[in-house]
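Counting from 1, one number per residue, gives the positions in the sequence shown under full-length UniProt numbering. Only one structure is covered here, and it is reproduced in the block below.
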Amino acid sequence: MFNQAHHFDIHGGDFSNNTNHNTYYGASHPQDILNKLNPVNASFKFGHHSPCLEGTRIGILEMLMRWARNRHSQPIFWLSGIAGTGKSTIAQSFCESLEKDNLLGGSFFCSRESEDHRNVGRIIPTLAYLLAKQFEPYYDQIIAALEADTTLASQSIKRQLEHLLLHPLQNINVSEGYWYFVLVIDALDECEDVDATQNVISILTAMPPAFYSHVHVFISCCPEYYIQQELERTSNKYLFKLHDMQTEIVQKDIQLYLHRSLCRQPISDNDIILLSEQAGKYFIYAFTQVQYLKKAPGNVAFRSRMSDLLENKFVAKSIDSLYNLLLTKAIDGMQANEKEGCKIFYKLCCVPI
Ligand SMILES: Nc1ncnc2c1ncn2[C@@H]1O[C@H](COP(=O)(O)OP(=O)(O)OP(=O)(O)O)[C@@H](O)[C@H]1O
Ligand SMILES: [Mg+2]
Numbered sequence: 001m002f003n004q005a006h007h008f009d010i011h012g013g014d015f016s017n018n019t020n021h022n023t024y025y026g027a028s029h030p031q032d033i034l035n036k037l038n039p040v041n042a043s044f045k046f047g048h049h050s051p052c053l054e055g056t057r058i059g060i061l062e063m064l065m066r067w068a069r070n071r072h073s074q075p076i077f078w079l080s081g082i083a084g085t086g087k088s089t090i091a092q093s094f095c096e097s098l099e100k101d102n103l104l105g106g107s108f109f110c111s112r113e114s115e116d117h118r119n120v121g122r123i124i125p126t127l128a129y130l131l132a133k134q135f136e137p138y139y140d141q142i143i144a145a146l147e148a149d150t151t152l153a154s155q156s157i158k159r160q161l162e163h164l165l166l167h168p169l170q171n172i173n174v175s176e177g178y179w180y181f182v183l184v185i186d187a188l189d190e191c192e193d194v195d196a197t198q199n200v201i202s203i204l205t206a207m208p209p210a211f212y213s214h215v216h217v218f219i220s221c222c223p224e225y226y227i228q229q230e231l232e233r234t235s236n237k238y239l240f241k242l243h244d245m246q247t248e249i250v251q252k253d254i255q256l257y258l259h260r261s262l263c264r265q266p267i268s269d270n271d272i273i274l275l276s277e278q279a280g281k282y283f284i285y286a287f288t289q290v291q292y293l294k295k296a297p298g299n300v301a302f303r304s305r306m307s308d309l310l311e312n313k314f315v316a317k318s319i320d321s322l323y324n325l326l327l328t329k330a331i332d333g334m335q336a337n338e339k340e341g342c343k344i345f346y347k348l349c350c351v352p353i
């Protein structure tokens, strides 16, 4: 890089020889050093999910806050639930409450829809960045760690956890007094690298008690086999299965949701109950019903759509039947050439696996 260079001085600054080694950060601004964590915009603040409708999920949210406020509780909370049962919505509300109580260390909402959000290797550096932004003693430690090695954020999950979380946290002086945070990870099952995802869980669950006396971890995800395998191995956790909740309790929340969402429509209380029975424990089902009904152009169309939903007396054992109805309806209103394309798409999507 400096071949044949003569008579020059370096007055601080920030330069790299592009090999990611031997990087000089002599007088870099600490924020520039922190940016080496290359955080993803995946926290609850980026609005990828809405919070629970007020008045719903009260029991679960209270239980989560009781767990979060008690630093002697089990260090990992695993909220398990099959697709569409409302995990991310609960995680969003939980983050908002944690933040109000100054208990949120950081959050990462994974998503298969974006490369960064489905990359499990981005979770720990992003959480470290968020924690550093709000907790000064940790900030000092992480800056020191990154000054020593600027490539930590792209290293193995094990090294990330050790060098970005465990060691910096352990190095915080006891004179800082009491401190304790919750880290939130939603939709871990949406990360694409199954082995790395298992690795994160296995290393996280094996963190020493010294780590867990300051940090608790909330994970919400689908009960995928490879995740279940790792999380069930540890006794360090609470497990709450959303899909095993009493149907009547979920139904009450779904009825409130349908009622508020459709309050301007010509719908009776009985219709609400019938719709909620179809939704079962699936909020996504109720959400789809609402989208379908709300888009009805006028009262006559609304009643006709209600009949569509109610006459298909399927109970939501599978959401396929609702999508089936919606896709068929969508195809009915199309031109012949559009219909053909849609039918091919429909066959591809709905073919039994
Ligand atoms: N308590 C609630 N109040 C209002 N809407 C809700 C609630 N819970 C879920 N929903 C709605 O239901 C839909 C599905 O919820 P959510 O995305 O949280 O489910 P999920 O379990 O995370 O699904 P996936 O496994 O596919 O990620 C969302 O569109 C959300 O807006
Ligand atoms: Mg989700």
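For glycine and all other residues, C-beta sits at the position ideal for the given N, C-alpha and C.
If the criterion is Cβ atoms closer than 9 Å, does the pair residue i and residue j meet it?
| i | j | result |
| --- | --- | --- |
| PRO168 | ALA145 | yes |
| ILE124 | VAL200 | yes |
| TYR129 | PRO39 | yes |
| HIS216 | TRP67 | yes |
| GLY121 | ASP193 | yes |
| ILE157 | ILE185 | no |
| ASN236 | ILE76 | yes |
| LEU166 | PRO208 | yes |
| THR205 | ILE33 | no |
| SER202 | THR126 | no |
| SER111 | ALA187 | yes |
| PRO296 | PHE302 | A small correction: the amino acid at residue 296 is Ala; Pro does not occupy that position in the sequence shown. The answer is yes: Cβ separation under 9 Å. |
| THR56 | TYR257 | yes |
| ARG260 | GLU190 | no |
| SER50 | GLN92 | yes |
| LEU98 | MET63 | no |
| ALA148 | TYR139 | no |
| LEU242 | LYS87 | yes |
| LEU79 | CYS221 | yes |
| HIS71 | SER213 | The question names His, but residue 71 is Arg in the sequence shown. Yes, Cβ-Cβ distance for ARG71 and SER213 is below 9 Å. |
| GLU277 | GLN251 | yes |
| GLN170 | PHE211 | yes |
| PHE109 | PHE46 | yes |
| LEU53 | ASP269 | no |
| ASN35 | ASP116 | no |
| ILE172 | PRO137 | yes |
| GLN291 | ILE273 | no |
| GLN74 | TYR178 | no |
With DSSP as the reference, identify every bridge partner of residue i, one or two as the case may be.
| i | result |
| --- | --- |
| HIS216 | VAL182 |
| CYS221 | SER80 |
| TYR238 | PHE77 |
Are any of the Cβ atoms in chain B nearer than 9 Å to that of residue i?
| i | result |
| --- | --- |
| SER93 | Absent from the structure is chain B; it holds one protein chain and no more. |
Cβ of residue i within 8 Å of any heavy atom in ligand 3?
| i | result |
| --- | --- |
| TYR225 | Inclusion of ligand 3 in the displayed structure is not the case, the ligand content consisting of ligand 1 and ligand 2 alone. |
* To do: Check each residue's C-beta against every heavy atom of ligand 2 and list, in chain order, those closer than 6 Å.
  => Those residues placing their Cβ nearer than 6 Å to any heavy atom of ligand 2 are, following chain order, LYS87, SER88 and ALA187.
* **the region 255-271 contacting the region 225-241, beta-carbon criterion three pairs below 8 Å** => The region 255-271 vs the region 225-241: no contact.
* Asked: Taking the runs of the beta strand (DSSP E) that are 3 residues or longer, which of them lie wholly in the region 83-151?
  -> Entirely contained in the region 83-151, the beta strand (DSSP E) runs reaching 3 residues are, in chain order, 104-109.
* Does the region 167-183 come close enough to the region 92-105 that 3 or more CB-CB pairs lie under 8 Å? -> As far as the Cβ criterion goes, the region 92-105 touches the region 167-183, which means the pair count is three or higher.
* To do: Say whether the region 238-248 touches the region 270-281, bearing in mind that this needs 3 or more beta-carbon pairs closer than 8 Å, one atom from each stretch.
  => The region 238-248 is in contact with the region 270-281.
* Asked: In chain order, which continuous runs of the alpha helix (DSSP H) of length 4 or greater are located wholly inside the region 25-67?
  -> Segments of the alpha helix (DSSP H) lying fully in the region 25-67: 30-34.
* Asked: At which residue ranges does the region 226-280 contain complete beta strand (DSSP E) runs of 3 or more residues, listed in the order of the chain?
  -> Contiguous beta strand (DSSP E) elements confined to the region 226-280 occur at 237-241, taking only those with 3 or more residues.
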